[in-house]
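Below is one structure, written out as structure tokens; comments come after it.
Numbering (the working numbering), first residue to last: 582 to 797.
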């Protein structure tokens, strides 16, 4: 795996953003300081731990590099103390979550490709890396995971992963195009929330008509 400075900074930025998202959700549930930090750390590191285990990087960076855990914990604790500055926590959580989704989509896919995972597998790993933190956050705060709702969430991450894989295939996976891919995921997630786009769900089963009652 490539541990270049830009990739490391993008990864740590994603950690901080998801930690803030998880901590904001925990504050909204009125958890104590430990609970807020715990949810923030799980949200920040869960997806990356999954990614590293899948690409056989042991121990995962979240455990091997102190900067990951410290970044997550400090960010979450900061949100606990500074949350009165956030007038609308739900909006804050959604925006931070969209930013974390975008960053982890890009870094997760790139790290999988660097580990010589085929493009299709790398796209799946990138998507699961991006949604893993939000899944852990929602489960810990008693919410239905956003990835299981009708919202455009995992689909946005998958689209971004495919874009990154294509950029890598054509040899143009540089800072500019990768930033554009992250902005695309971020924008798609926020626009889908704004316009209430959703994935299709099964149509309700029509009521049975003409059914006879029990015969005597």
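Note that CB positions come from ideal geometry on N, CA and C, so glycine has one too.
Under 9 Å, do residue i and residue j count as touching if we go by C-beta distance?
{"i": "residue 650", "j": "residue 617", "result": "no"}
{"i": "residue 759", "j": "residue 774", "result": "no"}
{"i": "residue 682", "j": "residue 711", "result": "yes"}
{"i": "residue 603", "j": "residue 645", "result": "no"}
{"i": "residue 769", "j": "residue 741", "result": "yes"}
{"i": "residue 689", "j": "residue 627", "result": "no"}
{"i": "residue 686", "j": "residue 705", "result": "no"}
{"i": "residue 766", "j": "residue 735", "result": "no"}
{"i": "residue 615", "j": "residue 718", "result": "no"}
{"i": "residue 655", "j": "residue 605", "result": "no"}
{"i": "residue 531", "j": "residue 752", "result": "As displayed, the chain neither begins before 582 nor continues past 797, which places residue 531 out of reach and without an answer."}
So which of the options has the shortest CA-CA distance to residue i?
{"i": "residue 729", "options": "716, 738 and 740", "result": "716"}
{"i": "residue 662", "options": "611, 734, 695 and 751", "result": "611"}
{"i": "residue 637", "options": "675, 696 and 591", "result": "696"}
How should residue i be labelled, buried or exposed, when 16 other C-beta atoms within 10 angstroms of its C-beta is the threshold for buried?
{"i": "residue 756", "result": "exposed"}
{"i": "residue 678", "result": "buried"}
{"i": "residue 620", "result": "buried"}
{"i": "residue 586", "result": "exposed"}
{"i": "residue 761", "result": "exposed"}
{"i": "residue 642", "result": "buried"}
{"i": "residue 713", "result": "buried"}
{"i": "residue 653", "result": "buried"}
{"i": "residue 725", "result": "exposed"}
In angstroms with no decimal places, state the Cα-to-Cα distance between residue i and residue j.
{"i": "residue 640", "j": "residue 787", "result": "52 Å"}
{"i": "residue 624", "j": "residue 648", "result": "16 Å"}
{"i": "residue 601", "j": "residue 589", "result": "18 Å"}
{"i": "residue 701", "j": "residue 665", "result": "43 Å"}
{"i": "residue 694", "j": "residue 733", "result": "25 Å"}
{"i": "residue 746", "j": "residue 722", "result": "33 Å"}
{"i": "residue 632", "j": "residue 698", "result": "12 Å"}
{"i": "residue 597", "j": "residue 608", "result": "16 Å"}
Kindly provide the ranges of any alpha helix (DSSP H) runs that are 4 or more residues long and lie completely inside the segment 702-766, ordered along the chain. 735-750
Give the list of continuous alpha helix (DSSP H) stretches no shorter than 4 residues that lie fully inside the segment 625-711. 642-645, 647-663 and 670-695
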